[in-house]
């Protein structure tokens, strides 16, 4: 399971074999069935989770019972309620599995230990968070300035690799659009591509 | 000017005098008059900016000409169009000075050089970005789930130190509320405190 994690880390920094051996015992592994919860709102998010196989989503539920998807995470992605993890206060997000999933998880204490044991991991997380900030900034702006069609096409481009694995109603929830809107846009683009 | 920057960095990591001397030449300093632009949308954001004195804001302007404030930055804060800085694509944010301001600025090349020259800076930025991600997550949620009053009180608490320095209509723009709403909430709280 560590191959996926190490491949992701080595996409950003160099790791020695010795460093890899120091990293391994700081993680625990876990398997999730489809629809199984990794985290429920109101719990404390005790671990950062790295997906080695499968697909997860994080989402919150508003007062009217509507789900709003915050993030999808598949092979090579991290997922958590980051605020809850760092502050050890209650989570506002739920995280559950869309497919059968395998993950590696690290506790807050081991996360702090990780960057002390392997200082290069500070650089890995610096680059990871930097990319994440940029994505969030643009998503926030996109949500207020783009049309439904622009939003969907942007999503389809960015998530091309796993687009077929995410049910349409979940993409709608992520983009804040009605499922029918997504269907309409997809029909339009399928017929365009056929020309 | 470097005292403010080094104090901020040393709040998160230890720096030796030698490391400080390596950091200094990677920055340039600049002064801004009130209302002067540091960055305009459609330009490339060439530098990350650290405020040593004064107050800046970043904002975008929608199709109807309305300003939406993204961030305030005063002594000890970083500000940029981070996406534009990292990708060197066009900025979507404007940044200008609310007060007379003094800043230290670092180019993308020097920013990369900085973490190579002083590896501990990876840790500094890792912690900085980690905090920033958490703030953004909660702001995004707050914007959809909180009432106007909750939003204002949260802002007033978080920005207590500089609340008096930010004009009321700019706070309204940051929170996505009408200026009259802010006035109403403030009147209510002032009269409560008087009881």
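Residue numbers (this note's numbering), protein chains in the order written: chain A, 1 to 195; chain B, 1001 to 1195.
Note that beta-carbon positions come from the ideal geometry of N, C-alpha and C, so glycine has one too.
From a predicted model like this one, the values you see are computed outputs, not experimental measurements.
Our two residues, residue 110 of chain A and residue 60 of chain A, have alpha carbons roughly 27 Å apart in a direct line. At least one CB of chain A lies nearer than 7 Å to the CB of residue 1129 of chain B.
With contact defined as three or more Cβ pairs closer than 8 Å, the segment 51–69 of chain A and the segment 124–131 of chain A are not in contact. Scanning the segment 132–186 of chain A for uninterrupted alpha helix (DSSP H) segments of 4 residues or longer gives 148–158 and 168–175, listed from N- to C-terminal end.
Under a 10 Å Cβ-count criterion, residue 1011 of chain B is classified as exposed, with fewer than 16 other Cβ atoms of the shown protein chains found around its own Cβ. CA-CA distance, residue 114 of chain A to residue 99 of chain A, rounds to 29 Å. Its chain contains 1068 as the residues whose beta carbon lies nearer than 7 Å to that of residue 1062 of chain B, once the 5 sequence neighbours on both sides are disregarded; these appear in chain order. In this structure, the alpha-carbon of residue 1174 of chain B lies about 11 Å from that of residue 1182 of chain B. Within the segment 36–79 of chain A, the runs of beta strand (DSSP E) at least 3 residues long that lie entirely inside it are, in chain order, 37–39, 47–53, 55–61 and 67–74.
Bridge pairing for residue 1191 of chain B: absent [DSSP]. Approximately 4 Å separates the beta-carbon atoms of residue 1097 of chain B and residue 1032 of chain B; this is inside 8 Å, confirming the contact.
Within its own chain, the residues whose Cβ lies closer than 6 Å to the Cβ of residue 177 of chain A, once the five positions on either side in sequence are excluded, are 148, listed in chain order.
Counting only runs that start and end inside the segment 84–135 of chain A, the alpha helix (DSSP H) elements of at least 4 residues fall at 108–117. Chain B has no Cβ within less than 7 Å of the Cβ of residue 151 of chain A. Along the segment 69–93 of chain A, the positions whose C-beta sits under 7 Å from a C-beta of chain B are 82, 83, 86 and 92, read in chain order. Within chain B, not a single residue places a beta-carbon under 8 Å from that of residue 158 of chain A; the smallest gap is close to 14 Å. By the criterion of at least three beta-carbon pairs nearer than 8 Å, the segment 1039–1050 of chain B is in contact with the segment 1074–1083 of chain B. If you look at residue 1023 of chain B, you'll find it in the alpha helix (DSSP H) that goes 1017–1023. DSSP places residue 9 of chain A within a helical segment (H, G or I) once states are collapsed to three. Taking a Cβ-Cβ cut-off of 7 Å, the neighbours of residue 134 of chain A in chain B comprise 1082, 1083 and 1086, given in sequence order.
Among the bridge pairs identified by DSSP, residue 1032 of chain B is matched with B/1101. Between residue 23 of chain A and residue 105 of chain A, the C-beta spacing is not below 7 Å. Cβ neighbours of residue 40 of chain A within its own chain (closer than 6 Å, five residues either side excluded): 94. Residues of the same chain with a CB within less than 7 Å of the CB of residue 1118 of chain B, apart from the 5 flanking positions on each side, are 1019, 1022 and 1023 in chain order. With a contact defined as Cβ atoms closer than 8 Å, residue 1051 of chain B and residue 1075 of chain B qualify at about 6 Å. Using a CB distance below 9 Å, the part of the segment 103–130 of chain A facing chain B consists of 115, 119, 120, 121, 122, 123, 124, 125, 126, 127, 128, 129 and 130, ordered along the chain. Take residue 1004 of chain B, set aside five residues on each side of it, and the residues of its chain with a beta-carbon closer than 7 Å to its own are 1052, 1075 and 1076, in chain order.
Counting the other CB atoms within 10 Å of its CB gives residue 7 of chain A a total below 16, which places it among the exposed residues. Beta-carbon to beta-carbon, residue 1158 of chain B and residue 125 of chain A are separated by about 24 Å, too far to satisfy the 8 Å threshold. Closest in C-alpha terms to residue 1035 of chain B, from the list B/1107, B/1155 and B/1101, comes B/1101.
Contact of residue 137 of chain A with chain B is assigned, a C-beta pair being separated by under 7 Å. A check of alpha carbon separations from residue 1026 of chain B across B/1136, B/1112, B/1015 and B/1037 identifies B/1112 as the nearest. According to DSSP, residue pairing for residue 27 of chain A in a beta bridge involves A/106.
Residues of the same chain with a CB within less than 8 Å of the CB of residue 15 of chain A, apart from the 5 flanking positions on each side, are 6, 9, 23, 118 and 120 in chain order.
Between the C-alpha atoms of residue 123 of chain A and residue 1137 of chain B there is a straight-line separation of about 22 Å.
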